[in-house]
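2 protein chains.
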Amino acid sequence: MNLTRFAKARHATKSFDPARKIPAAVIDELKELIRFSPSSVNSQPWHFVVAQSDAARARVAKSMQPGYAYNEAKVTRASHVLVLCVRKDMDEAHLNAVLEQEAADGRFASDEAKTVQQNTRGFYVNLHRERDDLSAWMEKQAFLALGTLLIGASTLEIDACPMEGFDAKALDEELGLAERGLTSIVVVGLGYRSADDFNAKLPKSRLSAEAVFTELV
Amino acid sequence: MNLTRFAKARHATKSFDPARKIPAAVIDELKELIRFSPSSVNSQPWHFVVAQSDAARARVAKSMQPGYAYNEAKVTRASHVLVLCVRKDMDEAHLNAVLEQEAADGRFASDEAKTVQQNTRGFYVNLHRERDDLSAWMEKQAFLALGTLLIGASTLEIDACPMEGFDAKALDEELGLAERGLTSIVVVGLGYRSADDFNAKLPKSRLSAEAVFTELV
């Protein structure tokens, strides 16, 4: 099957219908899809906060004030809101948790295979630590999950609005993320567009294939 | 429809069957899917180099030597290789190209709407310029495209191996990317796994839902 028609059909929803709620089974599917997103060396440096109730979404919406007020209604009118977070550090506890999960899932036929995996992941983590871009590297992995989420929402006929416009520091404080070693990077409104969503009526625009592809000879 | 089964079925292919080639129509579908990936404020700060011939893939494979020799065969044995690149700068020429494409595609009912879009995009570009994370921001957008590509390949029954392990500076030089204002960030082998791809036989592993989700009250 082909996802291109879903990629073309989706858009960043600018106005949600607050009366329509995503069924629990559909949210569960989206969560499972995100959880199975790929990440470099299976590092999974992410965490996802799901806000469903009016009160929970209101807590997230506070981080749109004062500088990003135009994003507030996309949180308060959405059915569900997902806050994508990354770890502040790729610490030993997390690396061990991933390794032990892989062991429990049966990926290692021998202790040697387990050590190889540990060393490979450690090599890349240290490489990014030395380059001083560990945070940026972890954020990129979360964007892999975001890409998976956005196309996945489209296939489930769910509208989405990913937002980088919010006060991350304020949201981290409101949700107690900092003390959990996490920081918020993207807020995604999920639900169903309202009749007044102007973006749904506009044609999609992308640079031409000639502009974005080079065929190497 | 539901992508979760594709997310669970895919894996990072460690060994490709060099005899099997992806049909041109399938590659065209993947390219169209990537081209329609979302990006923050529709910035599309990316470029994709497609290497198909043995000679073209050999040029890409050079960047795996000497430090990442274990990735070399994933390039030389793949059917196609995609090099994901980002711009070195989000300059006025690119911003204008995106704006004029949007105008040509009919997204602006008025000059005012066009100016609003130009200002919104400019605000976020300047925000990241001030934060000194413009490159990291552009790379994150490319990872949105990578997430879309990996799940999209799975739905088309194409195996993929995304690699961050290569000498980006050497590859930029080999492909003449620097003088085009681009830099390579990920190399993706695409094709069909061979019978000796050990990773295809291992169970997939992810952290538990309890570990990666918080339900906000």
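These protein sequence lines map, in sequence, to chains W and E. Numbered according to the working numbering, the first sequence spans residues 1 to 217. Numbered according to the working numbering, the second sequence spans residues 1 to 217. A virtual CB, placed ideally from N, CA and C, is assigned to each residue, including glycine.
Classification of residue i by the beta-carbon crowding that lies within 10 angstroms, buried from 16 upward
i, result
"GLN65 of chain E", "exposed"
"LYS201 of chain E", "exposed"
"PRO203 of chain W", "exposed"
"MET1 of chain W", "exposed"
"GLU112 of chain E", "exposed"
"GLY106 of chain W", "exposed"
"ALA24 of chain W", "exposed"
"ARG129 of chain W", "exposed"
"ARG131 of chain W", "exposed"
"PHE198 of chain W", "exposed"
"THR104 of chain E", "Per the sequence shown, residue 104 of chain E should be read as Ala rather than Thr. Per the 10 Å Cβ criterion, exposed."
"SER39 of chain W", "buried"
"SER53 of chain E", "exposed"
"PHE166 of chain E", "buried"
"SER110 of chain W", "exposed"
"ASP159 of chain E", "buried"
"ALA195 of chain W", "exposed"
"PHE108 of chain W", "buried"
Cα-Cα separation between residue i and residue j, rounded to whole angstroms
i, j, result
"CYS235 of chain W", "ALA142 of chain W", "The structure shown does not extend to residue 235 of chain W, since chain W spans only 1 to 217, so no value can be given for it."
"SER208 of chain W", "LYS114 of chain W", "45 Å"
"ASP28 of chain W", "LYS74 of chain E", "35 Å"
"ALA7 of chain E", "SER37 of chain W", "7 Å"
"TYR70 of chain W", "SER15 of chain W", "11 Å"
"THR4 of chain W", "ILE34 of chain W", "19 Å"
"ARG180 of chain E", "ARG77 of chain W", "43 Å"
"GLN117 of chain E", "ALA58 of chain E", "42 Å"
"ALA139 of chain E", "LYS31 of chain E", "It should be pointed out that residue 139 of chain E corresponds to Glu in this sequence rather than to Ala. Approximately 18 Å, taken between the alpha carbons."
"LEU177 of chain W", "ILE185 of chain W", "11 Å"
"ALA19 of chain W", "ARG193 of chain W", "10 Å"
"MET90 of chain E", "LEU134 of chain E", "8 Å"
"ALA12 of chain E", "ARG121 of chain W", "14 Å"
"GLU100 of chain W", "GLU210 of chain W", "46 Å"
"VAL212 of chain W", "VAL98 of chain E", "12 Å"
"ALA218 of chain W", "GLU157 of chain W", "In the structure as shown, chain W begins at 1 and stops at 217. Residue 218 of chain W is therefore absent and cannot be evaluated."
"GLY147 of chain W", "LEU149 of chain E", "9 Å"
"ASP17 of chain W", "GLY67 of chain W", "24 Å"
"VAL217 of chain E", "ALA55 of chain W", "7 Å"
"VAL125 of chain E", "ALA145 of chain E", "19 Å"
"GLU215 of chain E", "LEU175 of chain W", "11 Å"
"LYS62 of chain W", "ALA153 of chain E", "39 Å"
"GLU72 of chain E", "ILE22 of chain E", "19 Å"
Near the ligand GTP: residue i beta-carbon under 6 Å from a heavy atom
i, result
"LEU99 of chain E", "Ligands are entirely absent from the displayed structure, and the ligand GTP is therefore not among its contents."
Name the residues in the segment 43–74 of chain W whose C-beta lies less than 8 Å from a C-beta of chain E; which are they? Correct list: GLN44, TRP46, HIS47, PHE48, VAL49, VAL50, ALA51, GLN52, SER53, ALA55, ALA56, ARG59 and VAL60.
Determine contact between the segment 182–189 of chain W and the segment 82–89 of chain W, defined as no fewer than three beta-carbon pairs at a distance below 8 Å. Counting Cβ pairs under 8 Å, three or more are found: they touch.
Which ranges does the beta strand (DSSP E) cover as unbroken runs of at least 3 residues, wholly within the segment 46–85 of chain E, from first to last along the chain? Unbroken beta strand (DSSP E) runs of no fewer than 3 residues, entirely contained in the segment 46–85 of chain E, are found at 46–51, following chain order.
For the segment 90–98 of chain W against the segment 41–55 of chain W, do three or more pairs of beta-carbon atoms, one drawn from each stretch, fall closer than 8 Å, so that the two count as touching? The segment 90–98 of chain W and the segment 41–55 of chain W touch, with no fewer than 3 CB-CB distances between them shorter than 8 Å.
Chain E contacts made by the segment 18–33 of chain W, where a contact means CB separation under 7 Å: Hits within the stretch, in order: GLU29, LYS31, GLU32 and LEU33.
Any C-beta of chain W within less than 7 Å: which residues of the segment 104–122 of chain E qualify? Under the 7 Å Cβ criterion, the segment 104–122 of chain E contributes ASP105, GLY106 and ARG107.
Would you list, in sequence order, the uninterrupted alpha helix (DSSP H) runs of no fewer than 4 residues that lie entirely inside the segment 117–145 of chain E? Runs found: none.
What runs of the beta strand (DSSP E), each 3 residues or longer, lie entirely inside the segment 180–217 of chain E? Qualifying beta strand (DSSP E) stretches, in chain order: 182–191 and 213–216.
Taking a Cβ distance cut-off of 9 Å, strictly less, list which residues of the segment 141–159 of chain E are near chain W, in chain order. Only those residues of the segment 141–159 of chain E whose C-beta falls short of 9 Å from the nearest C-beta of chain W are listed: GLN141, ALA142, PHE143, LEU144, ALA145, LEU146, GLY147, THR148, LEU149, LEU150, ILE151, GLY152, THR155 and LEU156.
Taking any Cβ of chain W, which residues in the segment 168–181 of chain E have a Cβ under 8 Å from it, in chain order? Contacts with chain W (Cβ-Cβ distance below 8 Å) from the segment 168–181 of chain E involve LEU175, listed in chain order.
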